[in-house]
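In the numbering used here, the protein residues as written are 28 to 451.
All C-beta atoms, glycine included, are put in the ideal place defined by N, C-alpha and C.
Computed from a predicted structure; not experimentally measured.
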C-alpha cells in the first residue's frame with residue numbers, strides 16, 4: 028500500500044511539473060510566436076525543428092501539437108505547414124525518456140532546490156527562470172518517487188506476471204494507449220518502463236508493445252482539440268493519428284528486425300527502450316516528411332472544406348517602396364485595413380462567445396490578437412524607416428496619423444480580449 032501511494036504521488040508530481048512547465052513555456056512561445064509560425068510555414072525542415080524545440084521546452088508533445096492545432100484552427104498556420112511541426116514534436120518528445128536514462132531523476136533535487144530558491148528570491152526574468160527550473164526538476168523528482176516505489180516489485184510475482192503479458196502485442200499496445208490517453212503524456216508510461224528496466228523488472232520484448240501503444244495514445248489530446256477545431260484543425264489532428272498508426276503498423280511488421288537492431292545498438296535495456304521510442308518516431312518522419320504535399324492533398328480531398336488563413340507577417344509592406352514615401356504609405360494604408368478587418372473578426376467572435384458559447388472561440392480571439400500585435404509592431408517599424416527620409420508636410424501628417432491608427436487598432440483588439448474574458 029505504501030509503495031502504491033508513493034508511485035501515485037510521483038505520477039501526480041510528474042503531471043503537475045508537465046502542466047506548469049507547459050504553461051510557463053507557452054508564455055515564452057507567445058512572445059516569439061511569429062518566428063515559430065514563420066519557420067514552420069517556409070520549409071518542412073524548419074517545421075520539424077520548430078516542433079522538436081517547442082516539445083523540448085514543453086516536455087510534452089501533446090501540449091506542442093495541441094498548440095499547433097489551435098494555431099491551424101485560428102488560421103495562423105496552414106494545415107500543410109502544421110504537418111512538419113507535428114512530426115518534429117514527436118521527435119522532441121523522445122528526449123524526456125533519455126533524460127531518465129541519464130539519471131536526471133537522481134539529480135532532480137538539485138533542480139528543485141536551485142529553481143525554488145531562484146523563484147522565491149529572484150525578480151523579473153530570474154524569477155521566471157527559477158520557476159521553469161523548479162518544475163523541470165519536479166518532473167524527474169516524480170519519476171524518482173516511482174523508481175523508489177518500484178524497488179519492492181522485484182519480488183512481486185503478480186507484477187512480474189502482469190508485465191509478462193505485455194509481450195502480447197495487442198495487450199501491450201492497448202495498455203499503452205489507455206495509460207497515455209488518460210494522463211495525456213507518453214512520457215509517463217515510457218519513463219516508467221525505463222525505470223523498471225533499470226531495475227531489471229522488464230524486458231525489451233515486453234516494453235516495445237507498450238511503447239507503440241503510448242505513441243498512438245498521444246493522439247488522444249490532439250483528437251480532443253481537433254473535435255472543436257475548424258476543418259483544417261481536424262485535418263491536422265487526423266493526420267497525427269495516421270502518422271502514428273502507420274509507423275506502429277510498420278514497426279510491428281518488422282518487429283524481430285527492430286529488436287535485433289536495438290540490441291545491437293545498446294546492451295542496456297533502459298537505453299534500448301528509449302531508442303525504440305526514438306526509432307519509431309524517426310521512422311514516421313522518414314516515411315512522411317518527403318511526401319507532405321501529396322499527403323496534405325489527399326487529406327484535403329478526403330476532408331473537403333476551406334478556412335481563412337491569417338498571415339502573421341505583413342502582406343503589403345514592400346521594402347522596395349521605401350525609396351518612394353507615397354508608395355510606402357499606400358502600403359501601410361492597405362496593411363492597416365487588413366489589421367482593422369482582423370479586429371472586426373475578433374469583435375464578431377466575442378459576440379458569439381456571449382450569444383452562443385462554443386469551445387475554442389476564446390482561443391481564436393487570443394490568437395488573432397497575437398497577429399494584430401505583431402502587425403502593429405511591423406507597421407510602426409516600417410513607418411520609422413519611412414520617416415528617415417525627407418517627407419513633405421502632407422506625407423508627414425499622414426505618417427503620424429497612420430502611427431496613431433496602428434496604436435488605436437491594437438488598443439481596440441486588447442479591449443475585445445478584456446471583454447471576452449469578462450464574458451467568459
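Using only the alpha-carbon positions, how far apart do residue 240 and residue 77 sit? If you number the chain shown from 1, residue 240 lands on position 213. If you number the chain shown from 1, residue 77 lands on position 50. Their backbone Cα atoms lie some 25 Å apart in a straight line.
Quick one: Cα of residue 242 to Cα of residue 414, how far? Start at 1 with the first residue of the chain shown, and residue 242 comes out as number 215. Start at 1 with the first residue of the chain shown, and residue 414 comes out as number 387. Their backbone Cα atoms lie some 54 Å apart in a straight line.
If you measure between the beta carbons of residue 320 and residue 73, is that distance less than 8 Å? To locate residue 320, count along the chain shown from 1; it is residue 293. To locate residue 73, count along the chain shown from 1; it is residue 46. It is not a contact, given that the beta carbons lie outside the stated cut-off.
For the alpha helix (DSSP H) that residue 353 lies in, which residues bound it at each end? Position 326 of the chain shown, counting from 1, holds the residue named residue 353. Segment 352 to 382, the alpha helix (DSSP H) holding residue 353.
By how many angstroms is the C-alpha of residue 171 removed from the C-alpha of residue 133? Stepping through the chain shown from its first residue, residue 133 is reached at position 106. Stepping through the chain shown from its first residue, residue 171 is reached at position 144. Going by the C-alpha atoms only, they are around 7 Å apart.
Among the residues of its own chain, which have a CB less than 7 Å from the CB of residue 219, if the five just before and after it don't count? In the chain shown, residue 219 corresponds to position 192, counting from 1. Exclusion of the five residues before and after residue 219 leaves 173 as the residues of its chain whose Cβ lies within less than 7 Å of its Cβ.
Let me make sure I understand the geometry here. Which of 329, 444 and 420 has the alpha-carbon closest to that of residue 378? Your numbering for residue 378 matches position 351 in the chain shown. Of 329, 444 and 420, the residue nearest in Cα terms is 444.
contact_flag[the region 403 to 414, the region 359 to 373] where n(CB pairs < 8 Å) is 3 or more: Under the 8 Å Cβ criterion, the region 403 to 414 counts as touching the region 359 to 373, having at least three qualifying pairs.
Under the three-state reduction of DSSP, which class applies to residue 421: helix, strand or coil? Reading the chain shown from its first residue, position 394 is the one you call residue 421. Of the three classes helix, strand and coil, the one that applies to residue 421 here is helix, per DSSP.
Report the three-state DSSP secondary structure of residue 226 (helix, strand or coil). Position 199 of the chain shown holds residue 226. Residue 226: coil per DSSP, three-state reduction.
Using alpha carbons as the reference points, say which of 138, 30 and 267 lies closest to residue 88. Position 61 of the chain shown, counted from the first residue, corresponds to residue 88. The shortest C-alpha separation from residue 88 is found at 267.
Just the C-alpha distance for residue 29 and residue 159, rounded to the nearest angstrom, thanks. As a first step, residue 29 must be located in the chain shown, where it is residue number 2. As a first step, residue 159 must be located in the chain shown, where it is residue number 132. Distance between the alpha carbons of residue 29 and residue 159 is about 30 Å.
If residue 164 and residue 38 are in contact, beta carbons under 8 Å, what's the gap, nearest whole angstrom? Position 137 of the chain shown, counted from the first residue, corresponds to residue 164. Position 11 of the chain shown, counted from the first residue, corresponds to residue 38. Not really, about 16 Å apart at Cβ, beyond 8 Å.
Straight-line gap, residue 329 to residue 389 (C-alpha atoms, nearest Å): For the purposes of this step, residue 329 is taken as the residue at position 302 of the chain shown. For the purposes of this step, residue 389 is taken as the residue at position 362 of the chain shown. Whole-angstrom Cα-Cα distance: 29 Å.
Taking all protein chains shown into account, do 16 or more other C-beta atoms lie within 10 angstroms of the C-beta of residue 298, making it buried, or fewer, making it exposed? Residue mapping note: residue 298 aligns to position 271 of the chain shown, counting from 1. Residue 298 is buried by the Cβ-count criterion.
Measure the CB-CB distance between residue 398 and residue 263 and report whether it falls below 8 Å. As a working mapping, residue 398 is identified with position 371 in the chain shown. As a working mapping, residue 263 is identified with position 236 in the chain shown. No.
Go through its chain and collect everything with a Cβ distance to residue 137's Cβ below 8 Å, but skip five positions before and after it. Against the chain shown, residue 137 aligns to sequence position 110. Only 164 meet the Cβ criterion.
Environment of residue 79 [buried if 16+ CB atoms lie within 10 Å]: Looking up residue 79 in the chain shown gives position 52. By the neighbour-count rule (16 or more Cβ atoms within 10 Å), residue 79 is buried.
Helix, strand or coil for residue 232? Go by DSSP, reduced to three states. Numbered from its first residue, the chain shown carries residue 232 at position 205. Reduced to three states, the DSSP call for residue 232 is helix.
How many Å lie between residue 167 and residue 124 at the Cα? Within the chain shown, numbered from 1, the residue matching residue 167 stands at position 140. Within the chain shown, numbered from 1, the residue matching residue 124 stands at position 97. Spanning the alpha carbons of residue 167 and residue 124 requires a straight line of approximately 10 Å.
Complete beta strand (DSSP E) runs within the region 275 to 338 (minimum length 3 residues, chain order): Counting only runs of 3 or more, we get nothing.
Can you list, in chain order, the residues of its chain whose CB lies under 8 Å from that of residue 365, leaving out five sequence neighbours each side? In the chain shown, counting from the first residue as 1, residue 365 sits at position 338. Taking C-beta separations shorter than 8 Å and ignoring five residues to either side along the sequence, the partners of residue 365 in its chain run 342, 343 and 402, following chain order.
Distance between residue 292 and residue 256 (C-alpha atoms, nearest Å): By 1-based counting over the chain shown, the position of residue 256 is 229. By 1-based counting over the chain shown, the position of residue 292 is 265. The alpha-carbon atoms of residue 256 and residue 292 are separated by roughly 42 Å.
Using 8 Å as the threshold, is the C-beta distance between residue 206 and residue 128 below it? Residue 206 sits at position 179 when you count from the first residue of the chain shown. Residue 128 sits at position 101 when you count from the first residue of the chain shown. No; because the gap between Cβ atoms is not below 8 Å, this pair is not in contact.
Span of the alpha helix (DSSP H) around residue 102: The count along the chain shown starts at 1 and reaches residue 102 at position 75. In the DSSP assignment, residue 102 falls outside any alpha helix (DSSP H) and carries neither an H nor an E.
Less than 7 Å between C-beta atoms, sequence neighbours within five positions excluded: which residues of the same chain meet that for residue 122? Counted from its first residue, the chain shown places residue 122 at position 95. 83.
With DSSP collapsed to three states, give me the class of residue 161. Counted from its first residue, the chain shown places residue 161 at position 134. DSSP places residue 161 in helix when its eight states are reduced to three.
Does the structure place the region 305 to 314 close enough to the region 105 to 120 that three or more beta carbon pairs sit under 8 Å? Contact check between the region 105 to 120 and the region 305 to 314: three or more CB pairs, one atom from each, fall below 8 Å, which counts as touching.
Got a sec? Which residues, its chain only, sit under 8 Å from residue 277 by beta carbon, not counting five neighbours each side? Position 250 of the chain shown, counted from the first residue, corresponds to residue 277. Counting only Cβ-Cβ distances below 8 Å, and skipping sequence neighbours, we find 310 and 314.
Let me know if residue 438 comes out buried or exposed under the rule of 16 or more other beta-carbons within 10 Å of its beta-carbon. Numbered from its first residue, the chain shown carries residue 438 at position 411. Flag for residue 438 reads exposed.
Among 392, 333, 347 and 235, nearest to residue 369 - alpha-carbon criterion: For the purposes of this step, residue 369 is identified with residue 342 of the chain shown, where counting begins at 1. The shortest CA-to-CA distance from residue 369 to any of 392, 333, 347 and 235 is the one to 392.
My output table needs one value for residue 70: the three-state DSSP class, helix, strand or coil. Your numbering for residue 70 matches position 43 in the chain shown. In the structure shown, residue 70 sits in coil (DSSP, three-state: anything other than H, G, I, E or B).
Own chain residues within Cβ distance below 7 Å of residue 400, not counting five before or after: Numbered from its first residue, the chain shown carries residue 400 at position 373. Excluding sequence neighbours, residue 400 sits near 437.
Where residue 133 sits in the DSSP three-state scheme: Position 106 of the chain shown, counted from the first residue, corresponds to residue 133. If DSSP states are grouped into helix, strand and coil, residue 133 belongs with coil.
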